[in-house]
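Following: one structure in structure tokens, then a few remarks.
Number of protein chains: 2
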Amino acid sequence: MDRTLAKTLIDVCEKRKKADLLIRNCRIVDVFSKTVFEGSISVIDGHFASFSDEIEADEVIDAGGRYVVPGFIDAHCHIESSHLSPAAFSDLIIPKGTTTVIADPHEICNVAGLDAMRYMLMASADLPLSVYYMFPSCVPATDSEHAGAVLLASDIDTMIDDERILGLGEMMNYPGIAAGLDFVLDKLECAYSRGKFIDGHAPDVKDRDLDAYSACRIKTDHECSTPEELRDRVRRGMYVALRQGTACKNVLDLLPGVNDDNLSRIMFCTDDCQCETIIDEGHISNGVNLAIGAGLKAEKALSAATLNAALCYDLRDRGAIAPGLKADFFICDSLEKIVPDEVFVSGKLTAKGGKILSPSSHIKPEKVSGMMNVKNFSSQRLVLPLEGDEARVIKIIPGSVVTENCIRKVSRDEKGNFTRDEKTDILKIASVERHKGTGNVGLGLIEGYGMKSGAVATSISHDSHNIIVVGTSDEDMERAVNELISTGGGVTIIQKGKVLMTHPLEIAGLMTDESAQVVYDTLREMHEIAYEKLGVNRNIDPFMTLSFMALPVIPALKITDSGLFDVTAFAFTSVNP
Amino acid sequence: MDRTLAKTLIDVCEKRKKADLLIRNCRIVDVFSKTVFEGSISVIDGHFASFSDEIEADEVIDAGGRYVVPGFIDAHCHIESSHLSPAAFSDLIIPKGTTTVIADPHEICNVAGLDAMRYMLMASADLPLSVYYMFPSCVPATDSEHAGAVLLASDIDTMIDDERILGLGEMMNYPGIAAGLDFVLDKLECAYSRGKFIDGHAPDVKDRDLDAYSACRIKTDHECSTPEELRDRVRRGMYVALRQGTACKNVLDLLPGVNDDNLSRIMFCTDDCQCETIIDEGHISNGVNLAIGAGLKAEKALSAATLNAALCYDLRDRGAIAPGLKADFFICDSLEKIVPDEVFVSGKLTAKGGKILSPSSHIKPEKVSGMMNVKNFSSQRLVLPLEGDEARVIKIIPGSVVTENCIRKVSRDEKGNFTRDEKTDILKIASVERHKGTGNVGLGLIEGYGMKSGAVATSISHDSHNIIVVGTSDEDMERAVNELISTGGGVTIIQKGKVLMTHPLEIAGLMTDESAQVVYDTLREMHEIAYEKLGVNRNIDPFMTLSFMALPVIPALKITDSGLFDVTAFAFTSVNP
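Put into structure tokens, the structure is as follows:
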């Protein structure tokens, strides 16, 4: 708020000045009182002025008694997971009613460090979508894998003062908090010294460990999966974000823990949401609709999805429909299922009927493209010697990013190297370092992927985003890696030495400037190819499943560019048990 | 929060370090979830560490299953109304469970301007009570009366950066907001430019005027008296403070408007609370107990009285019992009626059984004492000529600060001057300017005070704090004024030229360094004298009633040093109708 805007708003309310827009005959969702009232809204200079229908305005609309709802705020997301540039992401989610996101550019910063943070700020500066950031706290996510950057407190200090950076992103290093590690505390201090916030990420953390974690003013958690976890976090003053993303879907599991008495500490988030999910199911609207469908009163769900996030992140200019706030809102027919029709950003009609009215301009990703620095790679690097006929295998759990650590009987060739047995569902998987040209290749075995021939590779592999590749033959795996090197990253499907299809992700190997629809169509086609032609298990997402196989902070067994990692023991392990 | 404290808290939670204090066997009031759970609390360096009973500590207490409640936060008060210095005020309210106040030193600043603000900051810097301030926005409260200071935006700019000044105090000049007056907007800008808050004060303001008022980011209101007013403010994003003070008691009236869905926007405040009220009825505890007694679940009332105020004023270090927060709390036996027993401030036992354990040190009020600059005063200045036998009379409404504007038949002496008619209850009232030696004396008539002989005067008269005096004779009125000049301010009772009793208020004529008990005993005795010997109406407070007769922002008719003021017309008026 500033003096000029205050004066303008007063003048409109007192009818000394015309508003830009008056919408009469609204059912206004009041997220402060979780109720609906009938009235008008008026907008001047992008902000709500009055509820009165007496306001004079340049443009007058009749809402016909439809509902007017504040724009959704996503309390925690990674834009990169959509595969879209910030501009394309904005064009995708604004029509779904989300007008503000709190984004953690953890993925792209793992690839390109401060250059990535600068790109993300710049590429989202002038979008209809308000993009706030949390500075990634854990780059690299672990010491167990080689990312493209290391961001220390000294790096955070150089950028955290930016007014669109609200604080420190999800503190995944909860063991580091419990241990009181200096380099972790240094990062917290970056936020403390500026009065900025710290997001949490604390799956399964409880009791005294959770006391320590929350005592550090880590303010949020989006990793709850049970009502008890939710209760324990709220009790300690944390906000809990109900997550409904592509892989992690917690809304229905957590809802039994949400009640009138703790609702004010509940938000919604998407975390990792692919653009297919957003197109098919919605964005924050998806979680909200699930909650409403499960019995949460719509006004309460909407309050959590708007006001609560604004309060948590101290976004004082938004989160509700009220005089003086930024006029981000949408109109919809019903509160039984929220389907945003007209979406207004700063009082301007920006999307209608699920479509953006005018696509956003893209910012050239100059410093964050062509990031495929792979050295000394060939199929020779994929040879996996075994000591016996038993091997340690990563077992995929469909619908989860958690894996199991199994021992399986496997076949060996005459040299004692792993060879695929068509009677089993065990494949070779590799993580190929792509940032610093180290030549690292980590090898492992995976069960449950289902592929019968060919190879799949992706340069999206959380959180270090090396190239992850799985295949029935070393030759197809090699071809897949080389294809991604040539496209500057992406997702590819190979069969018998041929590229069946590639989805290029030219921005840091993670995102593209193509529109959501192009990405959607491409990935949909590629999914079908993976299932139909390669025989990938239809109970899993062929690409996202791979993307989480390298995440060595989620149990139980993962593959990194340095080899197999036992997350439970937090130590490297061997394929040979 | 800082790095050192975070490290210490982690070390205690992880049992690498001993806590200062462990209290086992507690029923902990969780104001985040509005529920109670069984557990332990531990404290290190003034902050809560853990809920675990495994923590090792230097001192271990067993709470015996009693309730542990966060210290109350008074969302809006004027310390001056207690008649006590900040130190004596702290000693009084800490035993009542209030550990933080948001104080607006509006009264003393009207007397002594920036010197007063500096005194209040200094005098409260090292108390057990955490005193935050809102910088008075309306000094003087109106142009209609002469106060001791004028504080403009340029003055506010010099002090508002102080970290204990949270923003701009109650914006009483709502007509100035509606008119968009420059000097008012200048003051708002002082808060905007620092991201600080603005408190409201908007009785009866509604519809488009309330839109304009809330559009300016005026964040709170404590002047609601009906559930509809409460609803209208919450709907516009304001927090509403339920007020329970000495004169203004709104809790029970507003409670029907409070529900689960808007509770998060509700706080408690005392506004103006004399020390007698606090001793007899409690402080924030009083409002909370009334609410509980009227059916509000205790955990909800406690949440409003603690967490909500902390959230409203962005006091991130307090407002609940949770790891990392300041360990301000109390222990009590029951939640049916909250009677704080042991009160802990920063984890130290500070009061027990309603008594402070160690009285606070006072700061000498050097620049704010002896402030009685009255010129050219004598009983001659009290002569009130009338044009006829009807006069405009201020009618007291018992229990309210609102008055009625009445026309009454009155008696005149041979010179046509007002003379008291013993058959009526109409007395002369005067406001004697005491700040700048202007010699101003405003004269009026008042009905309902009941006095049969003598005079009563006080240097507390909101908001300009000139001397207000009422009497049955001009001579006793003169004597009363001269008594206050000689004591440097206070409250006095005169009869037949003699001082029956005087309560000196040496700090700006508003407060004293005496303890609450001394003030209580003195005022109690003086009340009895006023009722017994002077015949003052027992349905009113003899002193506080006078103190509000000069407040020209509360309807309907008030007396100022410049004469009678018609608040409804917002213009001076005459005793002659």
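Protein chains in written order, with the working numbering: chain A, 1 to 577; chain B, 1001 to 1577. Glycine residues also receive a C-beta, built at the ideal position from the N, C-alpha and C atoms. This structure is a prediction, so every number in the text was calculated from the model and none was measured.
Chain B beta carbons: is any one of them nearer than 7 angstroms to that of residue i?
{"i": "SER50/A", "result": "yes"}
{"i": "ALA6/A", "result": "yes"}
{"i": "ASP261/A", "result": "yes"}
{"i": "CYS13/A", "result": "yes"}
Could you check the C-alpha separation between residue i and residue j for me, to the nearest Å?
{"i": "ASP1261/B", "j": "LEU302/A", "result": "12 angstroms"}
{"i": "SER1144/B", "j": "VAL1240/B", "result": "29 angstroms"}
{"i": "MET1159/B", "j": "TYR1313/B", "result": "18 angstroms"}
{"i": "ARG1231/B", "j": "SER33/A", "result": "8 angstroms"}
{"i": "CYS138/A", "j": "HIS462/A", "result": "12 angstroms"}
{"i": "VAL1101/B", "j": "LEU1296/B", "result": "23 angstroms"}
{"i": "GLU1038/B", "j": "ASP1155/B", "result": "50 angstroms"}
{"i": "SER459/A", "j": "GLY1237/B", "result": "46 angstroms"}
{"i": "ASP1272/B", "j": "HIS1106/B", "result": "11 angstroms"}
{"i": "SER90/A", "j": "HIS83/A", "result": "12 angstroms"}
{"i": "PHE183/A", "j": "PRO555/A", "result": "24 angstroms"}
{"i": "MET1549/B", "j": "GLU1390/B", "result": "21 angstroms"}
{"i": "ASP1115/B", "j": "LEU1500/B", "result": "33 angstroms"}
{"i": "ILE41/A", "j": "GLU59/A", "result": "12 angstroms"}
{"i": "ALA1298/B", "j": "VAL1339/B", "result": "12 angstroms"}
{"i": "VAL31/A", "j": "ALA1310/B", "result": "20 angstroms"}
{"i": "LYS1196/B", "j": "ARG1217/B", "result": "10 angstroms"}
Reducing DSSP to helix, strand and coil, say where residue i ends up.
{"i": "ASP20/A", "result": "strand"}
{"i": "GLN517/A", "result": "helix"}
{"i": "ALA946/B", "result": "Missing from the structure shown is residue 946/B; chain B here goes from 1001 to 1577 and no further."}
{"i": "PRO340/A", "result": "coil"}
{"i": "ASN289/A", "result": "helix"}
{"i": "THR1008/B", "result": "helix"}
{"i": "ILE55/A", "result": "coil"}
{"i": "GLU276/A", "result": "helix"}
{"i": "VAL553/A", "result": "coil"}
{"i": "PHE543/A", "result": "helix"}
Spell out whether any CB of chain A is found under 7 angstroms from the CB atom of residue i.
{"i": "ALA1153/B", "result": "no"}
{"i": "PRO1227/B", "result": "no"}
{"i": "PHE991/B", "result": "Nothing about residue 991/B can be reported from this structure: the residues present for chain B run from 1001 to 1577 only."}
{"i": "PHE1032/B", "result": "yes"}
{"i": "VAL1036/B", "result": "no"}
{"i": "ARG999/B", "result": "As shown, chain B starts at 1001 and ends at 1577. That puts residue 999/B outside it, with no answer to give."}
{"i": "GLY1324/B", "result": "yes"}
{"i": "MET1001/B", "result": "yes"}
{"i": "TYR1192/B", "result": "yes"}
{"i": "VAL1068/B", "result": "no"}
{"i": "GLU1447/B", "result": "no"}
Identify the residues that DSSP records as bridge partners of residue i: which are they?
{"i": "CYS332/A", "result": "TYR67/A"}
{"i": "ASP1062/B", "result": "ARG1024/B"}
{"i": "MET134/A", "result": "GLY167/A"}
{"i": "PHE548/A", "result": "Answer is none; PHE548/A lacks a bridge partner."}
{"i": "ASN1405/B", "result": "ILE1394/B"}
{"i": "CYS1077/B", "result": "ALA1103/B and ASP1271/B"}
{"i": "LYS1364/B", "result": "Bridge partners of LYS1364/B: none, in fact."}
{"i": "PHE72/A", "result": "THR98/A"}
{"i": "GLY1039/B", "result": "CYS1026/B"}
### Message
With a threshold of 8 angstroms, are at least 3 pairs of Cβ atoms found where one atom belongs to the region 1072–1092 of chain B and the other to the region 1277–1284 of chain B?
### Response
yes
### Query
Is it true that the region 249–261 of chain A meets the region 290–310 of chain A, where meeting means three or more beta-carbon pairs spaced less than 8 angstroms apart?
yes
### Message
Using a Cβ distance threshold of 8 angstroms, determine whether the region 22–36 of chain A contacts the region 49–64 of chain A, with at least three qualifying pairs required.
### Response
Enough Cβ pairs lie closer than 8 angstroms, so yes.
### Query
Okay, do the region 412–427 of chain A and the region 127–141 of chain A touch, 3+ Cβ pairs below 8 angstroms being the bar?
The region 412–427 of chain A, when compared against the region 127–141 of chain A, does not touch it at the 8 angstroms Cβ threshold.
### Task
Say whether the region 1167–1177 of chain B touches the region 1187–1205 of chain B, bearing in mind that this needs 3 or more beta-carbon pairs closer than 8 angstroms, one atom from each stretch.
yes
### Contact the region 1510–1517 of chain B vs the region 1491–1501 of chain B: 3+ CB pairs below 8 angstroms
no
### Query
For the 8 angstroms Cβ check, are there 3 or more pairs between the region 363–375 of chain A and the region 334–346 of chain A?
no
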